[in-house]
């Protein structure tokens, strides 16, 4: 049940249902359809909700209503909407009987560097281009943060998270996690600090080489699920780069 906010969806379905009932009653009594404008405005959202919850119901809610058959069509839409309301109202019972569906990932909850770069492409189902745009956006933000426009791809993340010799000033600007202490009480390098930065470096290299570079070649479109998984990985990288502070470079 891939609905990010079931309560909000339920509220809109109930409103739509009431508008349908009001317009059906108006047609039967020969009165003007006072609810038609609001119903028409809600229809695209209701179609999307139906497509996620129950595609069989969606066919009764899509398209324009034919004035010559409006009473019959509205009746079908009323039944379909009641079905959708029932699915949402009984969602806990569905889960108890059918088992958990697993977590869902809302694309809009990805890091802003990723989502702002891809939102239009994603809505138009250009998933391959969306992944490339997200990878490019993170690279640009990393370059700006480090003032290293001369670096790109895996080399950029290598230099960003590289672990320098203990006690030495970095030869270039680096990204550092501030929530992990670099040194232990006895002056030795903290293993957790080293792991965090080496892990981020390897992850950044993997995103550059395994997602952006491979995805840039070929013309076949990515499946939506695979593209979303790539965006999730890139979102993690974006959060790490955004969270880190920059160490100054050695003066020359």
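In my numbering, the protein residues as written are 28 to 279.
Cβ coordinates follow ideal geometry from the N, Cα and C atoms, glycine included.
Computed from a predicted model, the values in this text were never measured in an experiment.
Practice problem: Please report the Cβ distance between residue 203 and residue 173, rounded to the nearest whole angstrom; I am assuming they are in contact, meaning their Cβ atoms lie under 8 Å. | Solution: With 8 Å as the limit, residue 203 and residue 173 do not qualify as a contact, their Cβ atoms being about 11 Å apart.
Quiz item: Hey, would you say residue 158 sits closer than 8 Å to residue 258, going by beta carbons?
Solution: Yes, the pair counts as a contact, with Cβ atoms nearer than the cut-off.
Practice problem: Please go through the same chain and pick out, in chain order, the residues whose beta-carbon is closer than 6 Å to the beta-carbon of residue 193, but skip the five residues on each side of it. | Solution: If we look at residue 193 and ignore the five residues flanking it on each side, its Cβ neighbours are 216.
Exercise. Report the three-state DSSP secondary structure of residue 249 (helix, strand or coil).
Key: If DSSP states are grouped into helix, strand and coil, residue 249 belongs with coil.
Quiz prompt | Where residue 100 falls, given that 16 or more other Cβ within 10 Å makes a residue buried | solution = By the Cβ neighbour-count rule, residue 100 is buried, with 16 or more other Cβ atoms within 10 Å of its own.
Quiz prompt | Cβ shell of residue 53 (< 6 Å), same chain only, five flanking positions each side left out | solution = Around residue 53: 60.
Self-check item: Closest Cα partner of residue 242 within the set 139, 163 and 35
Solution: Comparing Cα-Cα distances from residue 242 to each of 139, 163 and 35, the minimum goes to 163.
Practice problem: Determine the closest residue to residue 133 out of 206, 262, 274 and 267, with distance taken between C-alpha atoms. | Solution: If we check each option's Cα against that of residue 133, 262 comes out closest.
Quiz item: On the premise that residue 138 lies in contact with residue 269, defined as a C-beta separation below 8 Å, what is that separation, rounded to the nearest angstrom?
Solution: Between residue 269 and residue 138 the beta-carbon gap is near 7 Å, inside 8 Å, which marks them as a contact.
Exercise. Assign residue 152 to one of three DSSP states: helix, strand, or coil.
Key: Reduced to three states, the DSSP call for residue 152 is coil.
Quiz item: For the candidate residues 222, 79, 112 and 58, whose alpha-carbon lies nearest to that of residue 189?
Solution: Ranking the options by Cα distance to residue 189, first place goes to 222.
Quiz prompt | Limits of the alpha helix (DSSP H) - the one that residue 72 falls within | solution = Where residue 72 is concerned, the enclosing alpha helix (DSSP H) stretches over 63-80.
Quiz item: Contact check, residue 107 vs residue 77 under 8 Å by CB: the rounded distance?
Solution: About 7 Å separates the Cβ atoms of residue 107 and residue 77, confirming a contact at the 8 Å cut-off.
Quiz item: In the DSSP assignment, what residue or residues form a beta bridge with residue 202?
Solution: DSSP lists 273 as the beta-bridge partner residues of residue 202.
Quiz item: Is residue 154 near residue 260, with beta carbons less than 8 Å apart?
Solution: Taking 8 Å as the Cβ cut-off, residue 154 and residue 260 do not qualify as a contacting pair.
Quiz prompt | Residues that DSSP places opposite residue 216 in a beta bridge | solution = Paired residue(s): 210.
Quiz item: What three-state label does DSSP hand residue 33 in the structure shown?
Solution: The DSSP-derived three-state label of residue 33 is helix.
Quiz item: Could you check where the alpha helix (DSSP H) with residue 186 kicks off and where it finishes?
Solution: Residues 180-188.
Quiz prompt | Straight-line gap, residue 179 to residue 135 (C-alpha atoms, nearest Å) | solution = The alpha-carbon atoms of residue 179 and residue 135 are separated by roughly 27 Å.
Practice problem: Compute the Euclidean distance between the alpha carbons of residue 102 and residue 51, then round it to the nearest angstrom. | Solution: Rounded to whole angstroms, residue 102 to residue 51 spans 7 Å at the Cα level.
Quiz item: If we count the other Cβ atoms within 10 Å of its Cβ and call it buried at 16 or more, is residue 68 buried or exposed?
Solution: Residue 68 should be labelled exposed.
Exercise. With a 10 Å radius around its C-beta and 16 neighbouring C-beta atoms as the bar for buried, classify residue 206 as buried or exposed.
Key: Residue 206 sits exposed, since fewer than 16 C-beta atoms from the chains shown fall within 10 Å of its C-beta.
Quiz item: So residue 265 and residue 146 are in contact, right, with Cβ under 8 Å, and what is the actual spacing, rounded?
Solution: That belief does not hold up - the Cβ atoms of residue 265 and residue 146 are roughly 15 Å apart, past 8 Å.
Practice problem: Mind reading off the beta-carbon distance from residue 115 to residue 37? Whole number of angstroms is fine, and I expect it under 8 Å. | Solution: Going by Cβ atoms, the distance from residue 115 to residue 37 rounds to 5 Å, so yes, they are a contact pair.
Self-check item: Of the residues 105, 72, 229 and 209, the one placed nearest residue 185, counting alpha carbons only
Solution: Each of 105, 72, 229 and 209 was checked against the Cα of residue 185, and the nearest Cα belongs to 229.
Quiz item: For residue 166, which of helix, strand or coil comes out of DSSP?
Solution: If DSSP states are grouped into helix, strand and coil, residue 166 belongs with the helices.
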